[in-house]
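Structure, as structure tokens:
Number of protein chains: 2
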Amino acid sequence: MKHVLYGKCVKCGKTYEATPNLTTCECGGILDIVYDYDYIKSQLTKEKLAERRNNSMWRYRELLPVEDTTADTPLRVGWSPLYEADRLAAELGIKKLYVKDDGVNPTASLKDRASAMAVAKAREAGAKVIACSSTGNAASSLAGNAAAAGLKTYIFVPSRAPKGKVAQLMTFGATVISVQGSYEETFELSEAAIDKWGWYNRNAAINPYLSEGKKTVGLEIMEQLQWKAPDYIAISVGDGCTIAGLWKGLKDLYAIGFIDKLPRLISAQAAGCCPLNRAIAENKPWHPMEENTLADSIAVGVPRNADKALMAIRESNGLVVNVTDEEIMAAQKLLGRTCGVFGEPAGVAGSAGLKKLCEEGKIEKDATVVSVVTGNGLKDVANAIKACGEPISIPGRMDLLLEEFDKRGIVVE
Amino acid sequence: MKHVLYGKCVKCGKTYEATPNLTTCECGGILDIVYDYDYIKSQLTKEKLAERRNNSMWRYRELLPVEDTTADTPLRVGWSPLYEADRLAAELGIKKLYVKDDGVNPTASLKDRASAMAVAKAREAGAKVIACSSTGNAASSLAGNAAAAGLKTYIFVPSRAPKGKVAQLMTFGATVISVQGSYEETFELSEAAIDKWGWYNRNAAINPYLSEGKKTVGLEIMEQLQWKAPDYIAISVGDGCTIAGLWKGLKDLYAIGFIDKLPRLISAQAAGCCPLNRAIAENKPWHPMEENTLADSIAVGVPRNADKALMAIRESNGLVVNVTDEEIMAAQKLLGRTCGVFGEPAGVAGSAGLKKLCEEGKIEKDATVVSVVTGNGLKDVANAIKACGEPISIPGRMDLLLEEFDKRGIVVE
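Taken in order, these protein sequences are the chains called A and B.
Residue numbers are given in the working numbering: position 172 of the first sequence equals residue 288, and the series is strictly consecutive.
Residue numbers are given in the working numbering: position 227 of the second sequence equals residue 343, and the series is strictly consecutive.
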């Protein structure tokens with residue numbers, strides 16, 4: 117990989133050759149993939165990109181840590197739509213809002229970006245089996261992307277994982293271990309098993325390539341905005357890998373001169389589980405928290421990628437905001453009603469956070485904001501129904517319909 | 117619309133001016149939109165299409181019944197991936213198989229294509245409200261596409277509609293009436309309400325434009341195959357609108373010389389509800405059937421678009437195949453395991469049918485086949501779990517993991 121220099125520990129700075137099965141630093145720190153931006157600049161231009169017909173994350177090959185000879189992964193991951201959300205912007209009282217719907221990825225979440233990268237690197241490593249622990253989406257995306265590539269998967273999920281995600285895993289033919297315990301216990305068991313059997317490791321805070329997959333969401337947002345950086349990008353935060361990946365993508369583009377300013381990140385966590393945001397707000401090291409939220413994908417009491425995430429929020433002069441389950445559910449309905457986008461609870465936490473910040477007057481009225489929806493609401497129907505209520509239920513008779521409309525004060529236009 | 121001649125009744129041949137709120141013929145027959153193919157040929161070339169960056173169904177504007185001035189609808193519908201499914205082809209014993217995953221549409225089903233068209237035509241008609249009845253997917257797609265466009269919706273679903281679809285509807289802010297009865301009773305109530313209040317009608321067998329939206333799946337398949345028509349296209353059939361739309365798209369392309377042969381259609385219905393396939397198999401008029409299948413989207417005992425669907429199957433010299441619920445569930449797992457594609461029960465019926473025909477020796481071994489997956493498995497998680505089983509559930513301990521692997525005969529590679 118001519119464009120990749122090495123993996124560098126974010127804690128101690130030690131560097132490692134960028135072999136396909138790179139994990140963490142011997143000091144325990146997480147590695148960051150460091151690029152030769154001068155070389156990349158000599159290879160990639162905006163015009164070249166604009167010509168490309170590859171509507172997947174692999175259109176950004178020059179910025180991704182794979183060999184030239186490594187094939188695109190089979191499922192079409194990325195290049196999700198960026199919608200202009202004018203009605204929602206008006207409701208929030210900001211100038212311009214875009215919603216990036218990553219729920220239309222093949223397994224219906226942003227995590228497909230990391231899992232596609234895991235599959236690409238596992239192939240480079242000659243691995244036949246990939247494993248991970250996950251609150252659900254990393255798992256289902258790995259299972260799907262690996263199945264399409266003919267690789268076997270072992271997946272560890274906490275028993276609270278929503279049924280939709282478990283159904284995906286089982287359908288994709290993964291061997292699924294549902295751990296009766298927290299995400300932390302799930303993670304520990306997966307690490308022990310990976311150690312024992314030598315499987316390719318897709319745990320996002322261990323394998324430094326996965327953030328590089330996730331960063332493509334940032335690359336796309338900028339290309340879709342014709343390289344005009346917005347003022348803010350709001351996103352939900354659990355383990356910390358996604359916001360760290362997003363930030364990496366933005367910094368890459370800044371380094372190669374494709375954008376001339378960096379947006380501020382808005383880190384949205386659940387009020388019931390916000391160790392990273394608390395660390396920022398109190399300007400202290402992070403400490404574990406309970407996992408008290410219905411937003412399962414971001415219910416991470418012991419964030420595995422705290423270092424990179426905190427660095428990203430701080431470097432971007434970011435804002436942190438914690439949202440209650442009620443605020444998350446309200447954001448689900450708000451996005452659905454105004455944008456036709458149905459996000460899962462964790463997926464809309466960024467939008468819920470943005471709404472809250474707008475109400476608190478913390479976002480300038482002339483700001484341009486991007487809100488990333490990280491997963492599809494169909495992943496967690498039980499909670500969506502809690503949020504949105506039940507339909508009118510009647511036998512097929514017009515008189516009963518009129519009666520119900522009357523009772524509910526529905527005035528037909 | 118210079119490229120549209122008129123709407124023509126498929127029963128009596130009477131023609132109607134193509135106004136935006138066209139419904140059925142006075143004889144009760146369904147209308148077909150008839151184009152001026154010479155004019156279209158003068159406007160559209162393969163090269164022109166290849167240049168286009170519009171990765172949605174609206175890239176085929178010259179073949180769609182909308183005014184030049186009508187805007188693309190807001191959600192990004194269509195241009196779903198067509199995957200080469202080599203491992204599945206090998207398992208089925210055919211030369212080449214492609215899987216078209218329409219479950220990645222914005223509301224996760226092929227019906228988005230028809231609903232986007234409904235929204236476009238409702239706007240042309242100046243309507244502010246759209247209504248429909250649906251087994252679920254037409255409903256959720258209408259609710260989503262209309263919400264994104266700022267239109268109000270009234271939606272009628274049978275009470276058996278899966279929770280995932282209902283959650284979508286409610287989230288998109290539709291007024292939802294769940295009818296305690298069959299699809300037929302649901303349909304009748306929706307028609308009565310549409311009559312009463314004059315809402316824009318999105319019932320696919322009434323509004324002739326909707327098939328024109330659905331046909332884009334056929335246009336895309338052909339463009340994605342570089343205009344080399346496959347031997348067969350397999351698809352699930354309920355109301356009949358989708359297979360009729362697919363066929364219309366193929367015929368359009370043949371008429372303007374973009375393809376030089378027409379594929380044979382494979383019409384897959386549920387064994388417990390196959391009035392159209394029965395009519396073909398027995399070469400008799402169709403008769404209503406019970407709705408006995410878990411594949412809710414194709415559980416249509418009184419198909420509303422029987423005429424167009426039967427015509428499509430016959431004209432294409434098509435094959436019919438009925439699949440049991442067990443065969444449908446097996447196809448869910450097969451597609452998941454070999455392709456990383458998770459389809460809902462009705463969505464994989466086409467693949468289940470193809471598998472059955474292959475086993476019966478009815479598909480030539482050197483055939484090239486496209487199988488359309490019409491909806492995402494996340495729409496109906498309850499049935500997916502029935503199909504795929506439950507994960508291994510243990511506390512987070514290595515000894516218990518080893519014990520379980522042993523018990524289940526899982527040999528780790």
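Backbone N, C-alpha and C fix where the C-beta goes; we use that ideal spot for every residue, glycine too.
* Where DSSP assigns a beta bridge to A247(A), which residues make up the other side? -> Answer is Y270(A) and N317(A), bridged to A247(A).
Original post:
Mind pulling the alpha helix (DSSP H) runs of 4 or more residues that sit fully within the segment 385 to 442 of chain A?
Top reply: Taking 4 residues as the shortest admissible run, the segment 385 to 442 of chain A contains the following complete alpha helix (DSSP H) segments, listed from N- to C-terminal end: 391 to 398 and 422 to 431.
**Asked** So is K279(B) in contact with chain A if we call contact Cβ pairs under 7 Å?
**Response** Closer than 7 Å to some Cβ of chain A, the Cβ of K279(B) qualifies, so yes.
Drop a sphere of 10 angstroms on the beta-carbon of V416(B), count the other beta-carbons inside from all chains shown, and report buried for 16 or more, exposed for fewer. By the Cβ neighbour-count rule, V416(B) is buried, with 16 or more other Cβ atoms within 10 Å of its own.
Quiz item: Along chain A, in chain order, which residues have C-beta atoms closer than 7 Å to that of P57(B)?
Solution: No answer is possible for residue 57(B): it lies beyond the span of chain B, which begins at 117 and ends at 529.
Less than 7 Å separating the beta-carbons of I414(A) and L381(A)?
No, Cβ-Cβ distance for I414(A) and L381(A) is not below 7 Å.
Exercise. Are the CB atoms of K331(A) and G361(A) nearer to each other than 7 Å?
Worked result: Yes, Cβ-Cβ distance for K331(A) and G361(A) is below 7 Å.
request  = State the Cα-Cα distance for the pair A384(A) and I271(A), rounded to the nearest angstrom.
outcome  = Spanning the two alpha carbons is a distance of roughly 27 Å.
Give the C-beta separation of A254(B) and A320(B) to the nearest angstrom, bearing in mind that I take them to be a contact with Cβ-Cβ under 8 Å. Contact annotation, A254(B) with A320(B): C-beta distance approximately 6 Å; criterion of less than 8 Å satisfied.
Checklist entry - Counting Cβ pairs, one atom from each stretch, are 3 or more of them under 8 Å apart for the segment 485 to 494 of chain A and the segment 211 to 224 of chain A? => result Yes, the segment 485 to 494 of chain A touches the segment 211 to 224 of chain A.
_When you compare the segment 137 to 148 of chain B with the segment 119 to 126 of chain B, are there three or more beta-carbon pairs, one atom per stretch, that lie closer than 8 Å?_
Three or more Cβ pairs closer than 8 Å define a contact, and the segment 137 to 148 of chain B meets that threshold against the segment 119 to 126 of chain B.
Under 9 Å between beta-carbons, which chain A residues line up against W313(B)? List them in chain order, please.
-> Going along chain A in sequence order, the residues near W313(B) (Cβ under 9 Å) are V528 and E529.
Problem set entry | C-alpha distance - V193(A) paired with A308(B), whole-angstrom precision | Their Cα atoms are separated by approximately 43 Å.
Practice prompt. Counting only the same chain and skipping the five closest in sequence on each side, list residues whose C-beta sits under 6 Å from that of V437(B).
Written response: The residues are A384, G469, K472 and L473.
- Taking a Cβ distance cut-off of 7 Å, strictly less, list which residues of the segment 293 to 314 of chain B are near chain A, in chain order. Residues of the segment 293 to 314 of chain B with a Cβ closer than 7 Å to any Cβ of chain A, in chain order: I293, S294, V295, Q296, G297, E301, T302, E304, L305, A308, A309 and W313.
Bridge partners - Y325(A), DSSP secondary structure assignment: In the DSSP assignment, no residue is bridged to Y325(A).
- Item | Nearest to K502(B) (by Cα), restricted to the options A446(B), N170(B) and A232(B) | The shortest Cα separation from K502(B) among A446(B), N170(B) and A232(B) belongs to A446(B).
Notebook entry, point to check: Which residue's Cα is closest to the Cα of L341(B): K162(B), M117(B), L258(B) and F521(B)?
Noted result: Checking every option, the nearest Cα to that of L341(B) belongs to K162(B).
| field | Members of the segment 482 to 500 of chain A that neighbour chain B once the beta carbon cut-off is set at 7 Å | value | Taking 7 Å as the Cβ-Cβ cut-off against chain B, the residues of the segment 482 to 500 of chain A that qualify are N492, G493, L494, K495, V497 and A500.
Three or more C-beta pairs closer than 8 Å, one from the segment 473 to 485 of chain A and one from the segment 356 to 370 of chain A: is that the case here?
A contact is defined here as three or more CB-CB pairs under 8 Å, and the segment 473 to 485 of chain A fails this definition with respect to the segment 356 to 370 of chain A.
Item to check | Short CB-CB distance (under 7 Å) between P274(A) and chain B | outcome: Interface criterion not met: the Cβ of P274(A) is under 7 Å from no Cβ in chain B.
Exercise for review: Determine, using beta carbons only, whether P278(A) and Y299(A) come nearer to each other than 7 Å.
Suggested key: No. Outside cutoff.
Using a Cβ-Cβ cut-off of 7 Å, state whether R453(A) counts as contacting chain B. Chain B contact via Cβ: present.
Amino acids of chain B, ordered along the chain, whose beta-carbon sits closer than 9 Å to that of Q448(A)
In chain order: T287.
- With respect to the alpha helix (DSSP H) encompassing T358(B), which residues constitute its N-terminal and C-terminal limits? Element bounds for T358(B): C357 to A371.
- request: Measure from the C-beta of S509(B) to each C-beta in chain A and report whether the shortest distance is under 7 Å.
  value: For S509(B), at least one C-beta of chain A is nearer than 7 Å to its own C-beta.
ask   = Is the beta carbon of I210(B) less than 7 Å from the beta carbon of A465(B)?
value = Contact check for I210(B) against A465(B) fails: the beta carbons are separated by 7 Å or more.
inquiry  = Contact criterion: CB-CB distance below 7 Å. Does N112(B) meet it with respect to chain A?
reply    = An answer regarding residue 112(B) cannot be provided, because it is not within the stretch 117 to 529 covered by chain B.
**Q.** Close beta carbons around Y153(A), own chain, < 6 Å, minus the five adjacent residues each side
**A.** The residues are A371 and I372.
**Asked** For E200(A), which three-state DSSP category applies?
**Response** In the three-state reduction of the DSSP assignment, E200(A) falls in the strand class, which pools E and B.
- Query: Are there three or more Cβ pairs, one per stretch, closer than 8 Å when the segment 173 to 183 of chain B is compared with the segment 225 to 237 of chain B?
  - Reply: Flag = yes, the segment 173 to 183 of chain B and the segment 225 to 237 of chain B touch.
Item to check | Whole-angstrom distance between K424(B) and L392(B), CA atom to CA atom | outcome: Looking at the two C-alpha atoms, the distance is approximately 11 Å.
For a contact meaning CB atoms closer than 7 Å, what does T291(A) contact in chain B? Those are I526, listed as they occur along chain B.
Can you check whether the C-beta of L369(B) is within less than 7 Å of a C-beta belonging to chain A? For L369(B), the answer is no, since every Cβ of chain A falls outside 7 Å of its Cβ.
Check: Less than 7 Å separating the beta-carbons of V486(A) and P346(A)?
Finding: Going by C-beta atoms, V486(A) is nearer than 7 Å to P346(A).
Q: Run down chain A in chain order and give the residues with a C-beta less than 9 Å from the C-beta of V245(B).
A: Simply V528 and E529.
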